[in-house]
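K.L.:
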Amino acid sequence: MDRVQLAIIGGGLVGASLALALQDGAKARGWRIVLVEPFAPGAAYQPSYDARSTALSYGSRQLYERLGIWPQVAPRAQAIERIHVSDRGRIGAARLSAGQEGVPALGYVVENAWLGQCLWQALDPEVVSWRCPAEVVRLEALEDGYRLQLDDHSLLDCDLAVLADGGRSGLREQLGIAVSHAAYGQSALIANLTPGEAHRGQAFERFTDEGPLALLPLLDDRCALVWTRAHGDATRLAGLSEQAFLGELQQAFGYRLGALRHVGARHLYPLALIEAQEQVRPHLVVLGNAAHTLHPIAGQGYNLSLRDTLVLAETLLQSAAAPGDLATLQRYGARQLRDQQLTVGFSDQVTRLFGRPDPWLAAGRTLGLLGLDLIPPAKRWFARQAMGLGTRPE
Ligand SMILES: Cc1cc2nc3c(=O)[nH]c(=O)nc-3n(C[C@H](O)[C@H](O)[C@H](O)COP(=O)(O)OP(=O)(O)OC[C@H]3O[C@@H](n4cnc5c(N)ncnc54)[C@H](O)[C@@H]3O)c2cc1C
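As structure tokens, then:
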């Protein structure tokens with residue numbers, strides 16, 4: 001039977017990022033890494049690389065530079081030069097700008113399909129091998145590792161199994177790892193669209209009584225929409241004609257980018273905050289959406305997981321012990337605990353505060369937005385959280 005040091009279950013954005021972060025160190029140590037993924041690269045549909053875009057924080061760009069793939073990602077990354085945060089029907093608006101924060105950009109918007117391609121192509125086949133298309137159907141704990149059973153009935157043993165199979169991880173459930181699950185009662189409707197006027201590197205986050213919406217700048221003067229609405233409403237909006245849809249969106253968003261002209265395919269994602277109650281066990285780590293699935297409006301999910309990923313790779317490579325050693329895995333958990341708590345808390349608070357049609361909250365958040373614009377330290381704190389620099393030393 002085949003045995004490797006690391007088996008990464010799920011070759012989505014997070015699984016592929018971990019393989020990349022580990023590969024040089026793994027090569028030096030003679031470790032073998034296997035990535036198991038049901039969807040072949042370049043297949044028409046792959047859950048991590050569908051029509052979605054990801055807002056990469058400035059901190060994630062720095063991590064990509066460390067991984068050596070920023071030069072590949074950059075040609076199709078749209079810089080966010082300014083962020084405009086507003087509340088429909090109220091006067092407050094907060095503006096963040098890259099110039100004021102002293103960075104070249106507040107973040108970058110990249111299509112997931114492009115990110116996926118850059119990550120997959122950067123993997124060294126001498127160290128990282130693929131089992132693809134293949135799915136892990138069963139995980140069994142051994143004395144010294146895990147045994148993976150694949151859908152073709154083959155078995156693979158490893159020192160460390162990394163569960164990066166996404167938010168609806170069936171394997172997490174199979175292993176009896178409890179989750180806390182708080183449904184937001186909303187779905188995110190996502191689509192790419194063409195506005196009437198150039199976005200000039202501006203991202204918009206707009207909070208309305210029906211739910212928040214984000215319009216992020218994309219290359220080729222398109223924008224990526226993430227519009228959060230109650231489930232029924234989101235389904236209704238997804239089924240409207242293009243003209244009727246753009247009409248409703250225009251009403252919610254206003255004319256900051258002129259008359260909205262064209263919208264592409266619309267996709268719906270039901271939203272919940274899901275957190276695994278255990279992230280490490282002997283010979284096992286839960287990573288990415290399988291560990292924590294956040295509300296997308298604050299654009300933090302992958303950015304947080306990328307930080308987790310780099311810290312996990314660094315902790316594993318610094319340890320003299322074999323990769324599945326529990327003390328090493330616990331050190332990783334302890335190193336990322338504060339970042340995870342802050343980032344999950346930030347996304348959840350922002351979503352809940354701005355998602356409720358309560359007049360007192362409305363007044364409070366108007367003050368908050370005005371305050372954010374008027375009080376530089378508050379704005380700076382918000383900007384650092386959004387840029388993924390929140391927990392790092394100044
Ligand atoms: C609408 C929306 C917008 C978002 N926008 C942002 C943003 O702007 N910025 C940001 O930082 N984050 C954003 N996120 C979050 C981000 O998309 C996720 O954090 C990220 O995709 C998580 O990646 P993952 O690899 O953990 O999971 P996934 O992307 O779900 O990948 C899991 C992989 O595991 C594979 N798999 C599943 N089961 C098995 C199995 N049994 N065996 C083997 N493989 C398996 C799947 O095929 C898949 O490839 C957004 C999320 C949504 C829903």
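For the sequence shown, position 242 matches number 242 in the working numbering, and the numbering has no gaps at all.
We put the beta carbon where it would ideally sit given N, CA and C, even for glycine.
1) Are there any heavy atoms of ligand 1 lying less than 7 Å away from the beta-carbon of valine 14, as far as the coordinates show?
2) Of the residues Pro296, Leu156, Leu142, which one's Cα is nearest the Cα of glutamate 212?
3) Rounding to the nearest angstrom, what Cα-Cα distance links glutamine 243 and arginine 172 in this structure?
4) Straight-line CA distance for glutamate 394 to isoleucine 80?
5) Can you find the residues in the same chain that come closer than 6 Å, C-beta to C-beta, to aspartate 291, ignoring five residues on each side of it along the sequence?
6) Suppose you measure from the CA of proline 282 to the CA of leucine 150; what does that come to, to the nearest Å?
7) Take the Cβ of leucine 142 as the centre, count every other Cβ of all protein chains shown within 10 Å, and call the residue buried at 16 or more, exposed below.
8) Is phenylalanine 431 near ligand 1, with its Cβ less than 7 Å from a heavy atom?
9) Quick one: what does DSSP say proline 75 is sitting in, helix, strand or coil?
10) For threonine 235, verify whether its CB is less than 7 Å away from any heavy atom of ligand 1.
11) Return the chain-ordered ranges of every beta strand (DSSP E) run that is complete within the stretch 104 to 168 and spans a minimum of 3 residues.
12) For the putative contact between tyrosine 398 and valine 103, defined by C-beta atoms under 8 Å, what is the C-beta separation to the nearest angstrom?
13) If we ignore side chains and look at the alpha-carbon of each, how far apart do cysteine 223 and leucine 6 end up?
14) Once DSSP output is grouped into helix, strand and coil, what is the label at tyrosine 269?
15) Between tyrosine 269 and isoleucine 177, how many whole angstroms is the CB-CB distance? I'm expecting something under 8 Å.
16) Note down the Cα distance separating alanine 320 from glycine 288, rounded to an integer number of angstroms.
17) Using the three-state DSSP reduction, which class does leucine 67 fall into: helix, strand or coil?
18) So what does DSSP say about aspartate 325, is it helix, strand or coil?
19) Does any heavy atom of ligand 1 sit closer than 7 Å to the C-beta of asparagine 303?
20) Could you round the C-beta distance between leucine 257 and glutamate 197 to whole angstroms and report it? I think they count as a contact, below 8 Å.
21) Would you say the beta carbon of glycine 167 is closer than 7 Å to some non-hydrogen atom of ligand 1?
22) Could you please give the first and the last residue of the uninterrupted alpha helix (DSSP H) stretch that includes histidine 231?
23) Mind checking who proline 212 pairs with in its DSSP beta bridge?
24) Take threonine 309 as the anchor and find which of Ala16, Met1, Val4, Asp2 has the nearest alpha-carbon.
25) For isoleucine 177, name the three-state secondary structure that DSSP assigns.
26) I need the straight-line Cα distance from histidine 93 to isoleucine 83, nearest angstrom please.
27) Glutamine 5 lies in the beta strand (DSSP E); which residues open and close that run?
28) Using a Cβ-Cβ cutoff of less than 7 Å, which residues in the same chain neighbour tyrosine 49 once the five nearest sequence positions on both sides are dropped?
P.N.:
Walking through what the data contain:
1) In this structure, ligand 1 has a non-hydrogen atom nearer than 7 Å to the beta-carbon of valine 14.
2) Correcting the residue type first, residue 212 is proline in the shown sequence and not glutamate. Out of Pro296, Leu156, Leu142, the CA that lies nearest to the CA of proline 212 is found in Pro296.
3) One C-alpha to the other measures close to 43 Å.
4) At glutamate 394 the pLDDT is 32, less than 50, meaning the model places this residue with poor confidence; the figure from the coordinates comes in the next sentence. C-alpha of glutamate 394 to C-alpha of isoleucine 80: approximately 21 Å in a straight line.
5) Per the sequence shown, residue 291 should be read as alanine rather than aspartate. If we look at alanine 291 and ignore the five residues flanking it on each side, its Cβ neighbours are Ala276, Gln279.
6) About 21 Å.
7) So leucine 142 ends up on the exposed side.
8) For residue 431 there is no data in the structure shown, the boundaries of the chain being 1 and 394.
9) DSSP places proline 75 in helix when its eight states are reduced to three.
10) Incorrect: threonine 235 has no Cβ contact closer than 7 Å to ligand 1.
11) Runs of the beta strand (DSSP E) inside the stretch 104 to 168: 107 to 111, 128 to 131, 136 to 142, 145 to 150, 155 to 163.
12) Here the chain comprises residues numbered 1 to 394, so residue 398 is not present and cannot be evaluated.
13) Looking at the two C-alpha atoms, the distance is approximately 39 Å.
14) Residue state, collapsed to three classes: strand.
15) Rounded, the Cβ-Cβ distance is 22 Å, inconsistent with contact.
16) Whole-angstrom Cα-Cα distance: 25 Å.
17) The answer is helix: DSSP assigns leucine 67 an H, G or I state.
18) Aspartate 325 falls in the coil class under three-state DSSP.
19) Result yes, Cβ under 7 Å from ligand 1.
20) Contact flag correct, Cβ pair sits at about 5 Å.
21) Yes, Cβ of glycine 167 sits closer than 7 Å to a heavy atom of ligand 1.
22) Per DSSP, histidine 231 is one residue of the alpha helix (DSSP H) stretching across 231 to 239.
23) Partner(s): Phe207.
24) It is Ala16.
25) DSSP places isoleucine 177 in coil when its eight states are reduced to three.
26) The question names histidine, but residue 93 in the sequence shown is alanine. A straight line joining the alpha-carbon of alanine 93 with that of isoleucine 83 spans about 10 Å.
27) 2 to 9 is the extent of the beta strand (DSSP E) around glutamine 5.
28) Only weak support is given to the placement of tyrosine 49: the predicted model assigns it a pLDDT of 49, under 50, and the value that follows is read from those uncertain coordinates. Excluding sequence neighbours, tyrosine 49 sits near Asn112, Ala113, Gly116.
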